[in-house]
Amino acid sequence: MSSRRLSIAVSKIYRIAKVVAYGDGQFGSAMNGKRAAPVKKMRKHLRWYATVVAVDEYRTSRVCSKHNEQQRDRTGLGDEEDEGGGTCQTAPDLIHIHAQRDANGAKGPSLHPVLFCNKCHTVWNRDVNAARNIAWIFWWMRVHGEGRPPCKMITGLGQVY
1 MSSRRLSIAV
11 SKIYRIAKVV
21 AYGDGQFGSA
31 MNGKRAAPVK
41 KMRKHLRWYA
51 TVVAVDEYRT
61 SRVCSKHNEQ
71 QRDRTGLGDE
81 EDEGGGTCQT
91 APDLIHIHAQ
101 RDANGAKGPS
111 LHPVLFCNKC
121 HTVWNRDVNA
131 ARNIAWIFWW
141 MRVHGEGRPP
151 CKMITGLGQV
161 Y
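Residue numbering for the sequence shown follows UniProt numbering, starting at 1 and increasing by one per position.
Structural data, given as C-alpha cells:
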C-alpha cells in the first residue's frame with residue numbers, strides 16, 4: 001500500500017474515531033502466497049491522528065463475539081485459571097467450515113477464514129469476529145480499568161502507545 005493510499009485510509013478513520021483499539025499480535029501478517037499487510041505502517045500512521053490502544057489478540061478469532069465465552073479447541077487447550085484460582089472449562093463452539101466433499105465422499109479442506117458457532121449458529125468471517133472481540137475487550141478495559149475480564153470472557157490487557 002502506498003503512503004498516499006495509507007494516509008487517505010487513516011484520515012477516513014480519523015474523521016470518525018479519536019481512539020483506535022488495535023490488535024497487538026506479534027505474528028506474520030501474510031499467509032503463504034499472499035502479500036503482507038502494512039500492519040506496522042498503518043499503526044504508525046494512526047498514531048499521528050488518534051490515540052492507539054493495543055489490545056491483546058489472544059483467542060479473539062476463536063471466541064464467538066455474540067456471546068463472548070471462552071472456547072476450547074479440539075486439542076483440549078483453552079482451560080484457563082480465573083482470578084480466584086479456579087479453572088474455566090468450556091466446550092468447543094467455533095469450528096472450521098470445510099469445503100464440499102470430493103467425488104469419493106472425503107471431507108474437503110478446512111476453510112481457514114470461515115468459522116461456525118455451534119451455540120448461536122452464526123457463520124463468522126474470522127477477521128470480522130476478531131475485530132468485534134477486540135472492540136469488546138477495549139470497551140471492557142475502558143469501563144473496568146486495566147483489569148482482566150472474567151475467565152469465561154476474552155482475556156485482554158492493553159497499553160496506550
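Just so you know, even glycine gets a beta-carbon here, dropped at the ideal spot from N, CA and C.
Since we're looking at a predicted model, the values are computed, not measured.
- In the three-state reduction of the DSSP assignment, asparagine 125 falls in the strand class.
- The beta carbon of valine 10 is closer than 8 angstroms to those of Met42, His45, Leu46, Trp48 and Tyr49 in its chain, skipping five residues each way along the sequence.
- One Cα belongs to lysine 12, the other to arginine 5, and the distance between them is close to 11 angstroms.
- The stretch 113 to 126 and the stretch 50 to 59 do not touch, with fewer than 3 CB-CB distances between them shorter than 8 angstroms.
- For valine 63, there is no enclosing alpha helix (DSSP H), as DSSP gives it neither H nor E.
- For glycine 23, DSSP records a beta bridge to Val55.
- The alpha-carbon of proline 149 is positioned some 43 angstroms away from that of aspartate 102.
- For lysine 107, there is no enclosing alpha helix (DSSP H), as DSSP gives it neither H nor E.
- Between serine 65 and tryptophan 136, the gap from beta carbon to beta carbon is short of 8 angstroms.
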